[in-house]
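What follows is a single structure, written as structure tokens, with notes after it.
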Amino acid sequence: MDTIVMVIVIAVVVIAAAALAFAYQRRRSGRLQERFGPEYERTIEESGDRRAAERELRGRERRVSKLDIHPLSGESAQRYRAEWNTLQQSFVDEPNTAVDEADRLVIRIMREEGYPVDEFDQRANDISVDHPEVALHYREAHRVAVARTKGEADTEDLRLAVTEYRQLVDVLLADRPDGEGDHRATPTDGVRREQPRADGQQTPGEQK
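The opening residue of the sequence shown carries number 378 in this note's numbering; numbering runs sequentially from there.
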């Protein structure tokens with residue numbers, strides 16, 4: 378009888394431990410999904426394995442939490458905004474140049490904020506930790522920029538790219554030194570989501 382009881386107790390303990398582990402994993406998955414939004418699904422699709430994708434996303438969080446990322450000063454933000462407005466106005470006459478300049482402008486802003494900018498994939502992954510929605514816009518804009526260098530992008534593609542770059546520029550320039558836009562990475566338990574700022578600007582080609 379004692380043996381039977383012991384077996385039952387062990388079985389109960391094993392089942393309880395498995396249930397707790399499953400619940401813990403679900404909570405972690407839910408927090409990652411809440412934090413990364415569409416980037417969570419994109420990473421899973423690219424990886425083909427949910428656990429591997431979640432390890433990748435947690436790795437991004439750890440990496441970005443160690444970076445010295447800081448918001449732009451008000452003066453820098455104003456300067457970059459003026460550059461962006463000039464760039465956007467130039468699209469009608471020089472769409473190819475506008476896309477190239479948009480790509481370089483984003484890199485300059487990210488570098489000044491403290492992001493490593495050596496490789497595009499790493500830049501997109503880093504920005505996805507605190508700006509997951511615009512990371513997708515950034516990936517699409519860069520795809521068009523690369524296609525342009527191969528002669529595989531038409532004017533409408535270029536217009537889309539500049540619009541997509543603007544989503545990231547708006548978010549980066551909205552970060553303020555007063556803490557309202559502090560985008561330092563935090564653990565998944567402290568979920569914080571940010572949306573692109575709508576400033577009412579016209580899309581490329583709409584300005585008179």
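Cβ coordinates follow ideal geometry from the N, Cα and C atoms, glycine included. Predicted model only: the values in this text are computed from it and were never measured.
Determine the burial state of residue 505: buried for a count of at least 16 other Cβ atoms within 10 Å of its Cβ, exposed for fewer. buried
Residue 434 vs residue 468 beta-carbon contact at 7 Å: no
What span of residues does the alpha helix (DSSP H) with residue 430 cover, start to end? 427-442
Look up residue 528 in the DSSP assignment and say whether it is helix, strand or coil. coil
Under three-state DSSP, which class holds residue 468? coil
Within the continuous alpha helix (DSSP H) that includes residue 602, where are the two ends? No information on residue 602 is available, as it lies outside the stretch 378 to 585 that the chain covers here.
Take residue 474 and list the residues in its own chain whose beta-carbon comes closer than 8 Å to its own, dropping the five residues that flank it on each side. 467
Classification of residue 496 by the beta-carbon crowding that lies within 10 angstroms, buried from 16 upward: exposed
Does the beta-carbon of residue 562 have 16 or more other beta-carbons within 10 angstroms, so that it is buried, or is it exposed? The predicted model places residue 562 with a pLDDT of 42, which falls under 50 and marks its position as unreliable; any figure quoted below should be read in that light. Buried, since its Cβ has 16 or more Cβ neighbours within 10 Å.
Taking 7 Å as the CB-CB limit, is residue 520 close to chain B? Considering every chain present, this structure includes no chain B. It has just one protein chain.
Own chain residues within Cβ distance below 7 Å of residue 489, not counting five before or after: 449, 453
For residue 530 and residue 521, believed in contact at Cβ under 8 Å, the rounded distance: 5 Å
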